[in-house]
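Take a look at the structure set out below.
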Amino acid sequence: MPLVVCNKPVQIEITCISPSCCHFSPSPVSLALEPPTISTNTVIEVDPYIESCPQTALLHDKYLSYLPHSGFHNQRIALENALTLSRILNRTLLVPPVRLGSKPLRYVNYDSLYSFVSLSGKENMTHCSKTALDVPLPFGCFDYFDYTLLSWDWLVDFTTIRARQPIISRWNLTDAWLHDCLNISSTETYALKDTSRYQFRFVDDDFSTRNAKYSEHLNINTLAFIEEPLLQIGTLFGSSRLSLSIPQNRYIRSQVRDSMVLTNTYLLRAAEIVSTALGSSYLAVHVRLGDGQFKADAGTKARKVWWSLIRDELGVPLTDAVALEQSLQKLITDPDHNNNVVQEQLGASNYSLRCRRDHHTSSALIPLNVPLYIATDARAPDTNPDLALFYHAFPCAFHLGDFLPHLHTLDHLENLYDGLRLKSFLIPFLDAMIVGKASHAIGTPGSTFSTYVTDVLWPKYHDLEISERG
Numbered sequence: 002m003p004l005v006v007c008n009k010p011v012q013i014e015i016t017c018i019s020p021s022c023c024h025f026s027p028s029p030v031s032l033a034l035e036p037p038t039i040s041t042n043t044v045i046e047v048d049p050y051i052e053s054c055p056q057t058a059l060l061h062d063k064y065l066s067y068l069p070h071s072g073f074h075n076q077r078i079a080l081e082n083a084l085t086l087s088r089i090l091n092r093t094l095l096v097p098p099v100r101l102g103s104k105p106l107r108y109v110n111y112d113s114l115y116s117f118v119s120l121s122g123k124e125n126m127t128h129c130s131k132t133a134l135d136v137p138l139p140f141g142c143f144d145y146f147d148y149t150l151l152s153w154d155w156l157v158d159f160t161t162i163r164a165r166q167p168i169i170s171r172w173n174l175t176d177a178w179l180h181d182c183l184n185i186s187s188t189e190t191y192a193l194k195d196t197s198r199y200q201f202r203f204v205d206d207d208f209s210t211r212n213a214k215y216s217e218h219l220n221i222n223t224l225a226f227i228e229e230p231l232l233q234i235g236t237l238f239g240s241s242r243l244s245l246s247i248p249q250n251r252y253i254r255s256q257v258r259d260s261m262v263l264t265n266t267y268l269l270r271a272a273e274i275v276s277t278a279l280g281s282s283y284l285a286v287h288v289r290l291g292d293g294q295f296k297a298d299a300g301t302k303a304r305k306v307w308w309s310l311i312r313d314e315l316g317v318p319l320t321d322a323v324a325l326e327q328s329l330q331k332l333i334t335d336p337d338h339n340n341n342v343v344q345e346q347l348g349a350s351n352y353s354l355r356c357r358r359d360h361h362t363s364s365a366l367i368p369l370n371v372p373l374y375i376a377t378d379a380r381a382p383d384t385n386p387d388l389a390l391f392y393h394a395f396p397c398a399f400h401l402g403d404f405l406p407h408l409h410t411l412d413h414l415e416n417l418y419d420g421l422r423l424k425s426f427l428i429p430f431l432d433a434m435i436v437g438k439a440s441h442a443i444g445t446p447g448s449t450f451s452t453y454v455t456d457v458l459w460p461k462y463h464d465l466e467i468s469e470r471g
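Using our numbering, the letters of the sequence shown map in sequence onto residues 2 to 471.
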């Protein structure tokens, strides 16, 4: 379906520094782009539609709640498990908002996490967002700008989920809300308290294979006999948290996972602009390097992704791949060569994507002339030494920064909940969606973000079955 976001299309032309190298895009790609002169004062308000208490029609006899923590994809996995478990148990799920940003709630034992979650809201703190830049932040505002809260409905399509099972959006995560809105007291709550991240695993078959990662295995059938109105669980993170053998239960989980595709209109439009500019056959990698073990072992992680792309996806012969890597390493360490490349890059027009290097002429390396999209959390990807192999091996390698001048709408999205602009929080999702639209996609081993892209987004965008885990 054609994408129309402004009246007059603007052309993006993917060209190469050398005119002899343009094999994949013989003609300019005409796109309907967002107006470059959009007013800087324009605000697109994102309303989370927070209700103090749920409507009476949504109230039921039994509920299930859990404690969210960690980054987006760990929260997503926990939500998938919670949706599946609550549907099997025929309980209404209380769904917390999703927390985005650089300050996630880390996992701690149940009692501590329960306290942190109940205090994680930003109610009565909107004055923080109105503080002038030249004024010190008021007390209590120091991490206000590091995270934001959004409704899951805004990111993914909950319509099909709501049609299959009852859920209630719960922004207030305090005991007072349970009492005031659901008339549930602490004595009417069955709390399953974990003391370690992988304490409880939920199974639907006593004969299912035990997973040594978890210290206790609980049969879901026993949970069905809990009489308390609220079943409160701690962490539900983990792709193997639910071990399901019964076909109907596995089908429920498959339906839930199938609904976890990013469907936000603003992100879809932006992803379509980039993917259309890159063409129908571009490759993509998701290289996570910015935090934790991925940052500590960035060079090794990036090299594994590079080799997987070269050998597994493109089928470059081993001897040619080894020779290519060796020759590229010499170029990477040549300061004169790198300086020349940077100068040519800086001379590129804002409205023209230029391949950074000449195309390969060796028959074994011609497959590398295809456009490559690099999604990463590393800063300044095109000058990051851990990503140098990608930029030197693929003449037409691009990252999101090459397209940002054309994605103006994202600059103006503002969360009415806390007054924060949302663009910086949404960039990782846009990156993921662009990778998902590629003809072939490779992720970083061990990254839940990459797994989401390769197991869920990529198959859904290509009308394939999503990958099942757990």
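Beta carbons: idealized from backbone N, C-alpha and C, even for Gly.
Here the structure is a predicted model, which means the values were calculated and not measured.
Mapping the DSSP letters down to three states, classify residue i as helix, strand or coil.
| i | result |
| --- | --- |
| C356 | strand |
| E469 | coil |
| F238 | coil |
| H218 | strand |
| I333 | helix |
| T377 | strand |
| N173 | coil |
| T452 | helix |
| T149 | strand |
| E415 | strand |
| V257 | helix |
| A285 | strand |
| S66 | strand |
| I168 | strand |
| V323 | helix |
| A349 | Low confidence applies to A349: its pLDDT is 38, below 50, so where it sits in the model is not reliable enough to give any reading. |
Could you spell out where the beta strand (DSSP E) holding residue i opens and where it closes?
| i | result |
| --- | --- |
| S53 | Segment: none, S53 is in no beta strand (DSSP E) and carries neither H nor E. |
| L94 | 93-96 |
| G102 | 99-102 |
| R202 | 201-204 |
| V47 | 45-47 |
| Y191 | 190-193 |
| F399 | 398-400 |
| Y111 | Looking at the DSSP string, Y111 is not in any beta strand (DSSP E); the run it does join, the alpha helix (DSSP H), is 111-119. |
| A213 | First-last for A213: undefined, no H or E at that position. |
Checking contacts by CB at 8 Å: is residue i closer than that to chain D?
| i | result |
| --- | --- |
| I375 | Absent here is chain D; the protein component of the structure consists of one chain. |
Please work out which residues of its chain come closer than 7 Å, Cβ to Cβ, to residue i, disregarding the five sequence neighbours upstream and downstream, and give them in chain order.
| i | result |
| --- | --- |
| N265 | W155, L156 |
| G291 | D378, A379 |
| R92 | K63, Y64, L65, L232 |
| S187 | D176 |
| S451 | H287, R289, G444, T445 |
| R198 | Y108, T236 |
| Y267 | T410, L411, L414 |
| T455 | A442, G444 |
Using C-beta distances below 8 Å, list every residue in its chain close to residue i, excluding the 5 sequence neighbours before and after it, in chain order.
| i | result |
| --- | --- |
| I333 | N339, P386, A389, L390, H393 |
Going by C-alpha distance, which of the options is nearest residue i?
| i | options | result |
| --- | --- | --- |
| L245 | F208, W307, W459, G437 | F208 |
| F238 | N222, R251, Q200 | Q200 |
| V47 | L421, T160, L68, L231 | L421 |
| L373 | R254, V288, S103, P97 | V288 |
| E124 | V99, P105, L174, L90 | L174 |
| F203 | L179, S187, I234, Y191 | I234 |
| S448 | G72, T127, L465, E52 | G72 |
| L431 | S260, E189, F404 | F404 |
| L465 | L279, V262, I221 | V262 |
| S282 | D298, D158, L315 | L315 |
| W153 | T57, I51, Y215 | I51 |
| P248 | D206, S440, H70, A225 | D206 |
| L310 | H361, V371, V457, A133 | V371 |
Locate the alpha helix (DSSP H) running through residue i, then write down its first and last residues.
| i | result |
| --- | --- |
| L431 | 424-437 |
| L408 | L408 -> no alpha helix (DSSP H), and no H or E assigned at all. |
| V306 | 299-308 |
| T85 | 73-90 |
| A365 | Note, A365: premise wrong, no alpha helix (DSSP H); not H, not E. |
| I274 | 266-279 |
| H393 | 389-394 |
Here's a check: name, in chain order, each residue in its chain whose Cβ is nearer than 6 Å to the Cβ of residue i, leaving out the five neighbours to either side.
| i | result |
| --- | --- |
| Y453 | H74 |
| K302 | F295, T445 |
| V257 | E81, L84, T85 |
| N351 | Low local confidence applies: a pLDDT of 44 at N351 is under 50, so the model's placement there is unreliable, with the coordinate-based value given in what follows. Excluding positions up to five away in sequence, the list reads P406. |
| K9 | Residue confidence is low: K9 scores 30 on pLDDT, short of 50, so the model does not pin down where it sits. No coordinate-derived value is stated. |
| W459 | G437, A442 |
| L423 | L414, N416 |
| Q327 | none |
Rounded to the nearest angstrom, how far is the Cβ of residue i from that of residue j, given a contact under 8 Å?
| i | j | result |
| --- | --- | --- |
| L59 | P167 | 7 Å |
| I185 | P55 | At roughly 12 Å, the Cβ-Cβ gap does not stay under 8 Å, so I185 and P55 are not in contact. |
| V317 | A365 | 6 Å |
| Y148 | C129 | In fact, because the Cβ distance is near 12 Å, the residues do not count as touching under 8 Å. |
| S260 | T161 | 5 Å |
| L106 | F117 | 5 Å |
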